[in-house]
Each structure stands twice: as C-alpha cells, then as structure tokens.
Amino acid sequence: MSTAAPPRMSLLSLTMPVAMGYIPLGIVFGFLFVQAGGAWWLAVASSIFVFAGAAQYMMIPMLAAQLSVGTIALATLVVNLRHVFYGLSLLGRFPARGPLRWYMVFALTDETYSVLTTLPPDTPTRTMGTLAALNQGWWVLGSTIGALMGSQAQVPLQGLDFVLVSLFAVLATEQWRHRCTALPVWAALFSYALAYWISPPHALVLSIALSVGAALLWRQPKPEVAA
Amino acid sequence: MNTNQVLAVLAAMMGVTFALRALPFVAAQWLQKHPFVQRLGNFLPLGIMTLLVLHSGIGAAADHPRGPWPELAAVATTAAIQWRLRHPLLSILCGTGLYVAWRNGLLF
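What follows is the structure, given as structure tokens:
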C-alpha cells in the first residue's frame, strides 16, 4: 500500500488550517449559544445539521429575542446567499450521484470551498469527501467544547458577540480581494443609507433588495474580443 | 430559549442552507444559460457582505453609549489584518479582542 501514505499526509495538512479556525470559532459559538440560554445539545445539533458558521452566530441573538422561524429563515437566506455561487465552480468535481455527493453539497462552507478549489482536478472524490467530513468534525468538536464550557462558567464581558461582525468583515475582505469591480461596495453603502432613512428596522432587507436591483442594472465590462 | 422553537428554527435553517448549496448542482444548466446569474454572482457577494458588516456593526453600536468608534476601529483592525495576513482566525480574534477590551473599559 505504497500509494496510501502521501494522500493521508496531504489530507492532514489540508485540514489543519481549517481546524485551527473551526475549533476556536466553534468554541466561541457553543459558548455564546449556551450563555444566551440555549441547551448545550442544541448547539451541537446546529453544528451537525446546519453547519453554517456565520448563520449559526447570527441565530443566537435572534433566538434570544424570540423572532419567528420565518424571520430567521429569511436572515439565513441572506447570509448564505453567496453559497449559490460556490457550487458553480465545483460542478464537474463532485461524485455524480449517491449519498457522498449530497453530503459534500451539504458541507460546502466557505473554508471547505476554498480548500476544495485548491485541490488538483484528478483528486479522488473520496478524498474530497473525507476532507469535508474532517472540517465539519472540527466545527462540531469546537461547538461541543464551547457549549460544555458555557454551561459551567459565567463571563461578565460585554461585546463577545461582536465575533459575528468580525466574521462578516473577514468575508467582505476576501470578497474585496477577488472583486472585478468596486461598484458593489458603493451600491451597498448608498442602498443602506437610503433604506435606513426609509425604515431603520427593515434597513437590511430593503438595502439587499436595492443592491439586487443595482446588480441587475449593472452592465459587466465586456472582455476585449478580437474582430 | 424554548427547545421546540429552537428545533423548528434549526430545521428551517438547515433547509434554506442546503437548498442554497444544492441549487447549482440541480439547476446548473438553467443557471449557466442566464447571463444575469453570472452578473449577480460577480456583484452580490461583495455587496451583501458589505451590508452585513454595516448592519451588524450599526446594531452593535446602538447597544451602548460610546458611539460607533469601537465598532469602526474593530472592523478596520479585522479587515486590515485579514488583508495583509489572510488569516481569518487571527483577524477575528484581534478585532473582537479590541472590541471587547474597549467595551469593557479595559483600554480607557
């Protein structure tokens, strides 16, 4: 079995950076969830069945405020909308059918997406699936540790939930790095100002609608075509 | 938190998240045939992330009387570290750490 060793090594080296992020961030998630009044096993269940870091952070204050299921589902739609565009670049790389295909679709987080897209095109789907499962394992492990810690300790610090804003700032920075135009930022700032002026409680939904409108009106600069 | 309410929310979030991730795999031809999908894909992720930073940052600033300065400083710190070092955990920890220290009067 001389061929088994190298993939195993590279799997570990691929999943390690994700582990370094998911375990601590999972701990913070589990901790905040339990401190907000949730049962520890519900924090773990959300990491197993939802597996969407930013949306899970976002749901904590919304659950604490007893917002409706529909409201939280809509917010999840907004926060996770970017995932629609991830799959497009992985279409031919996933297994054609079977449970592994659907598990990999389910587990397609920002980090797993960025690791999978760096793999060589001939990577076996089993390796890709193992990688996705390892990544989710780190997130579930972190959430469990955090949830158990949160049920033991009381932390008097304010503002820990700012971790969600920081997470959004990181995702925005990465989107900025790969931008093809700066217009979305200007459209977002203008939309939000207008929406906030109209109705502060509905500013997010309104400004997203305005941004979608701007995106549809936007004429993408055409690449030069030789005549 | 009410357990049944949380379970209902988790089921809804699971459905929405999975549907979004699965959409390109079940509707690839439709998505690739329509140029507006490509336009949305190039435009929306950056726009929506900007809106989420704005909205959640303004929400945090409304919670306390120190104004928007801790939020602005923490977001700028997070973005600057991420831009330079591409290390999400480090960026998030530094930004959140600065924010928590500021909010709890450990800085001033």
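Protein chains in written order, with our numbering: chain G, 152 to 378; chain X, 313 to 420.
Every residue gets a Cβ at the ideal spot worked out from N, C-alpha and C, and that includes glycine.
Selected residue, minimal CA-CA separation from residue i, among the options
i, options, result
"residue 385(X)", "398(X), 367(X), 412(X)", "412(X)"
"residue 335(G)", "317(G), 316(G), 358(G), 258(G)", "358(G)"
"residue 401(X)", "338(G), 170(G), 312(G)", "170(G)"
"residue 274(G)", "253(G), 244(G), 188(G), 360(G)", "244(G)"
"residue 370(G)", "352(X), 364(X), 374(X), 381(X)", "352(X)"
"residue 264(G)", "206(G), 317(G), 367(G), 234(G)", "234(G)"
"residue 272(G)", "236(G), 206(G), 161(G), 241(G)", "241(G)"
"residue 330(G)", "347(X), 331(X), 360(X), 345(X)", "360(X)"
"residue 221(G)", "320(X), 316(X), 314(X)", "320(X)"
"residue 408(X)", "356(X), 387(X), 325(X)", "387(X)"
"residue 165(G)", "251(G), 184(G), 283(G), 176(G)", "283(G)"
"residue 185(G)", "348(X), 314(X), 377(X)", "314(X)"
"residue 368(G)", "317(X), 347(X), 331(X)", "347(X)"
"residue 363(G)", "177(G), 351(G), 341(G), 349(G)", "341(G)"
"residue 285(G)", "216(G), 255(G), 365(G), 180(G)", "255(G)"
"residue 174(G)", "218(G), 288(G), 252(G)", "288(G)"
"residue 138(G)", "313(G), 199(G), 214(G)", "What is shown of chain G runs 152 to 378, which leaves residue 138(G) out entirely."
"residue 340(X)", "236(G), 167(G), 172(G)", "236(G)"
"residue 276(G)", "262(G), 299(G), 295(G), 252(G)", "252(G)"
"residue 343(G)", "414(X), 317(X), 406(X), 363(X)", "363(X)"
"residue 168(G)", "314(G), 300(G), 290(G), 352(G)", "290(G)"
"residue 330(X)", "227(G), 176(G), 163(G), 194(G)", "227(G)"
"residue 355(X)", "346(G), 353(G), 333(G)", "333(G)"
"residue 418(X)", "216(G), 269(G), 308(G), 261(G)", "308(G)"
"residue 192(G)", "248(G), 301(G), 219(G)", "301(G)"
"residue 334(X)", "352(G), 260(G), 350(G)", "260(G)"
Where residue i sits in the DSSP three-state scheme
i, result
"residue 261(G)", "helix"
"residue 239(G)", "coil"
"residue 219(G)", "coil"
"residue 189(G)", "coil"
"residue 306(G)", "coil"
"residue 156(G)", "Low confidence applies here, because residue 156(G) scores a pLDDT of 47, under 50, leaving its location unreliable; read the following figure in that light. Helix, per DSSP."
"residue 324(G)", "helix"
"residue 200(G)", "helix"
"residue 420(X)", "coil"
"residue 286(G)", "helix"
"residue 366(G)", "helix"
"residue 374(X)", "coil"
"residue 312(G)", "helix"
"residue 379(X)", "coil"
"residue 350(G)", "coil"
"residue 281(G)", "helix"
"residue 213(G)", "helix"
"residue 255(G)", "helix"
"residue 313(X)", "coil"
"residue 268(G)", "coil"
"residue 408(X)", "helix"
"residue 339(X)", "coil"
"residue 341(G)", "helix"
"residue 344(X)", "helix"
"residue 371(G)", "coil"
"residue 177(G)", "helix"
"residue 330(X)", "helix"
"residue 390(X)", "helix"
"residue 250(G)", "helix"
"residue 335(G)", "helix"
Inter-residue CB distance, residue i and residue j (contact presumed, cutoff 8 angstroms)
i, j, result
"residue 224(G)", "residue 328(X)", "5 angstroms"
"residue 361(G)", "residue 204(G)", "At roughly 27 angstroms, the Cβ-Cβ gap does not stay under 8 angstroms, so residue 361(G) and residue 204(G) are not in contact."
"residue 292(G)", "residue 279(G)", "Incorrect: roughly 21 angstroms between the Cβ atoms, too far for contact."
"residue 357(X)", "residue 326(G)", "5 angstroms"
"residue 201(G)", "residue 326(X)", "5 angstroms"
"residue 190(G)", "residue 211(G)", "With a Cβ gap of about 13 angstroms, residue 190(G) and residue 211(G) do not count as contacting."
"residue 336(X)", "residue 238(G)", "3 angstroms"
"residue 373(X)", "residue 383(X)", "5 angstroms"
"residue 390(X)", "residue 320(G)", "4 angstroms"
"residue 323(G)", "residue 365(X)", "5 angstroms"
"residue 369(X)", "residue 179(G)", "Wrong, their Cβ atoms sit about 18 angstroms apart, outside the cutoff."
"residue 332(X)", "residue 311(G)", "No, residue 332(X) and residue 311(G) are not in contact; Cβ-Cβ is about 28 angstroms, not under 8 angstroms."
"residue 294(G)", "residue 215(G)", "About 17 angstroms separates the two Cβ atoms, so there is no contact after all."
Any non-hydrogen atom of the ligand ATP within 7 angstroms of residue i CB
i, result
"residue 346(X)", "The ligand content of the structure shown is nil, which means the ligand ATP is not present either."
Would you list, in chain order, the members of the stretch 326 to 339 of chain G that have their beta-carbon closer than 8 angstroms to a beta-carbon of chain C?
Chain labels in this structure do not include chain C; the protein chains are G and X.
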